[in-house]
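Participant:
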């Protein structure tokens, strides 16, 4: 068990072994998807029915590819006019990387190791763990792994019981927001590796068709993507909200109360470190506050 108050700070490298792209890889994935007019990626992006104004998606993709920036976030910090496109493009790309089997494949991985360190004989003992997580990643692989492992380790009948156990034990703070939370849709539970997202990627359908089942799946997949897009917060002034400030404040409180802070898969980018360590100015860090 982890009984020393510990905070893990996760960067993109922590999610890479579970199938997610690093910052630069995601940038090129989106840029490549928008390389030409009428690409599948462009059709799916336009199929969401969002308003992009007079922004040309191929022009956005070209600017992104040749910006020389290490991530989409870094690009948008300099080209704020594209943030309304960047959010759904990132959500559309990231959701297709949800793989229900990858975190549980044979062999060691980061999540298995962390979970082994938290090992307890029963639920009451598990709650005595003093681990929290602060992540700069949008993906929900930590929540998915822990909830699935807890459900199967303790024979819990439904996923919600595992989620409740995790929430009682620890906090996972996504400082820049996350994809649509698991279990959070009106129609039915939003699950990791959601079949509605997979159907959207497999299908060429982007508009109503006579195939009602396929059409329903695609539309629900589009709803998840749109909600994920609205949850993603790229740290530029136009995107700053009370929720954004609250997440950074919560992260800072966790770090302040920790006895042990461990950075994993983290690039130590100066602005992110500055935002994380200076709670009074999470949206615009002066140079002197940077490390």
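Residue numbers (our numbering): 5 to 295. Glycine included, C-beta positions come from ideal geometry on N, C-alpha and C.
1) Checking contacts by CB at 9 Å: is residue 240 closer than that to chain C?
2) For residue 178, write down the residues that DSSP places opposite it in a beta bridge.
3) Hey, quick one: how far does the alpha helix (DSSP H) through residue 249 stretch, first residue to last?
4) Look at the alpha carbon of residue 130 and the alpha carbon of residue 5, and state the distance between them as a whole number of angstroms.
5) Give the DSSP-derived three-state secondary structure of residue 30 in the structure shown.
6) Kindly list the residues whose CB is nearer than 7 Å to the CB of residue 67, restricted to its own chain and excluding five residues on each side of it in sequence; keep chain order.
7) Check residue 264 in the structure and name its three-state DSSP category.
8) Which two residues bound the contiguous beta strand (DSSP E) that contains residue 10?
9) If you follow the alpha helix (DSSP H) that residue 92 is part of, which residue opens it and which one closes it?
10) Alpha carbon to alpha carbon, how far is residue 100 from residue 135?
11) Look at the alpha carbon of residue 12 and the alpha carbon of residue 168, and state the distance between them as a whole number of angstroms.
12) From the DSSP output, in three-state form, read off residue 5 for me.
13) Quick one: measure Cβ to Cβ for residue 255 and residue 277, integer angstroms, because I've assumed they're closer than 8 Å.
14) Assuming residue 225 contacts residue 201 under a Cβ cut-off of 8 Å, what Cβ separation, rounded to an integer in Å, is found between them?
15) What are the boundary residues of the alpha helix (DSSP H) that includes residue 145?
16) In chain order, which alpha helix (DSSP H) runs of at least 4 residues are fully inside the segment 104 to 132?
17) Beta carbon of residue 9, beta carbon of residue 261: below 9 Å?
18) Going by CA-CA distance only, name the one from 51, 42, 231, 171 that's closest to residue 63.
19) On the CB-based measure, 16 or more other CB atoms within 10 Å of its CB, does residue 250 come out buried or exposed?
20) Could you tell me whether the segment 152 to 166 touches the segment 22 to 35, using the rule of 3 or more Cβ pairs below 8 Å?
21) Who are the Cβ neighbours of residue 20 in its own chain at under 8 Å, not counting the five residues just before and after it?
22) Out of 240, 252, 244, 16, point me to the one whose CA is closest to residue 78's CA.
23) Distance, Cα to Cα, residue 198 vs residue 238?
24) Does DSSP put residue 223 in a helix, in a strand, or in coil?
25) Smallest Cα separation from residue 45: which of 98, 34, 53, 259?
26) What first and last residue would you give for the alpha helix (DSSP H) that runs through residue 173?
27) Between which residues of its own chain and residue 85 is the CB-CB distance below 8 Å, once the five residues before and five after are set aside?
28) Please identify the residue among 193, 274, 106, 74 whose C-alpha is closest to the C-alpha of residue 163.
29) Between residue 92 and residue 125, what straight-line distance do the alpha-carbon atoms span, to the nearest angstrom?
30) Does DSSP put residue 274 in a helix, in a strand, or in coil?
Facilitator: In short, the structure shows the following:
1) Among the chains in the structure shown there is no chain C, since it carries only a single protein chain.
2) Here the question's residue 178 lines up with position 174 in the chain shown. Partner(s): 139.
3) Within the chain shown, numbered from 1, the residue matching residue 249 stands at position 245. Segment 246 to 261, the alpha helix (DSSP H) holding residue 249.
4) For the purposes of this step, residue 130 is taken as residue 126 along the chain shown, with counting starting at 1. For the purposes of this step, residue 5 is taken as residue 1 along the chain shown, with counting starting at 1. If I take the Cα positions, the gap works out to 8 Å.
5) Within the chain shown, the letter at position 26 stands for residue 30. Helix, per DSSP.
6) Residue mapping note: residue 67 aligns to position 63 of the chain shown, counting from 1. Cβ within range, chain order: 83.
7) Counting from one through the chain shown, the residue named residue 264 turns up at place 260. Three-state DSSP puts residue 264 in a strand.
8) Here residue 10 corresponds to residue number 6 of the chain shown, with the count starting at 1. Looking at the DSSP string, the run of the beta strand (DSSP E) that includes residue 10 is 10 to 14.
9) Within the chain shown, residue 92 is the residue found at index 88, counting from 1. Looking at the DSSP string, the run of the alpha helix (DSSP H) that includes residue 92 is 87 to 99.
10) Residue mapping note: residue 100 aligns to position 96 of the chain shown, counting from 1. Residue mapping note: residue 135 aligns to position 131 of the chain shown, counting from 1. Whole-angstrom Cα-Cα distance: 29 Å.
11) The count along the chain shown starts at 1 and reaches residue 12 at position 8. The count along the chain shown starts at 1 and reaches residue 168 at position 164. The straight-line gap from Cα to Cα measures roughly 20 Å.
12) Here residue 5 refers to the residue found at position 1 when the chain shown is read from its first residue. The answer is coil: DSSP assigns residue 5 none of H, G, I, E or B.
13) Against the chain shown, residue 255 aligns to sequence position 251. Against the chain shown, residue 277 aligns to sequence position 273. That pair is no contact at about 12 Å.
14) Within the chain shown, residue 225 is the residue found at index 221, counting from 1. Within the chain shown, residue 201 is the residue found at index 197, counting from 1. Correct: roughly 5 Å between the Cβ atoms.
15) Residue mapping note: residue 145 aligns to position 141 of the chain shown, counting from 1. Per DSSP, residue 145 belongs to the alpha helix (DSSP H) from 145 to 157.
16) 114 to 121, 127 to 130
17) For the purposes of this step, residue 9 is identified with residue 5 of the chain shown, where counting begins at 1. For the purposes of this step, residue 261 is identified with residue 257 of the chain shown, where counting begins at 1. Result yes, Cβ atoms of residue 9 and residue 261 sit closer than 9 Å.
18) Counting from one through the chain shown, the residue named residue 63 turns up at place 59. Among 51, 42, 231, 171, the Cα nearest to that of residue 63 is on 42.
19) Locating residue 250 in the chain shown gives position 246, counting from the first residue. Its Cβ having fewer than 16 others within 10 Å, residue 250 is exposed.
20) no
21) Taking the chain shown and counting its residues from 1, one reaches residue 20 at position 16. For residue 20, where only same-chain residues beyond five positions count, the Cβ hits under 8 Å are 26, 269.
22) Locating residue 78 in the chain shown gives position 74, where the first residue counts as 1. Of the listed residues, the one whose Cα sits closest to residue 78 is 240.
23) Mapped onto the chain shown, residue 198 falls at position 194. Mapped onto the chain shown, residue 238 falls at position 234. For residue 198 and residue 238, the distance between alpha carbons rounds to 24 Å.
24) Mapped onto the chain shown, residue 223 falls at position 219. Residue 223: helix per DSSP, three-state reduction.
25) Taking the chain shown and counting its residues from 1, one reaches residue 45 at position 41. Nearest option by C-alpha distance: 34.
26) Along the chain shown, read from residue 1 onward, the residue named residue 173 stands at position 169. Per DSSP, residue 173 belongs to the alpha helix (DSSP H) from 163 to 173.
27) For the purposes of this step, residue 85 is taken as the residue at position 81 of the chain shown. So the list reads 59, once near-sequence residues are dropped.
28) As a position in the chain shown, residue 163 is number 159, starting the count at 1. Nearest of 193, 274, 106, 74 to residue 163, Cα basis: 193.
29) The count along the chain shown starts at 1 and reaches residue 92 at position 88. The count along the chain shown starts at 1 and reaches residue 125 at position 121. The alpha-carbon atoms of residue 92 and residue 125 are separated by roughly 42 Å.
30) Working through the chain shown from its first residue, we reach residue 274 at position 270. Here residue 274 sits in helix by DSSP.
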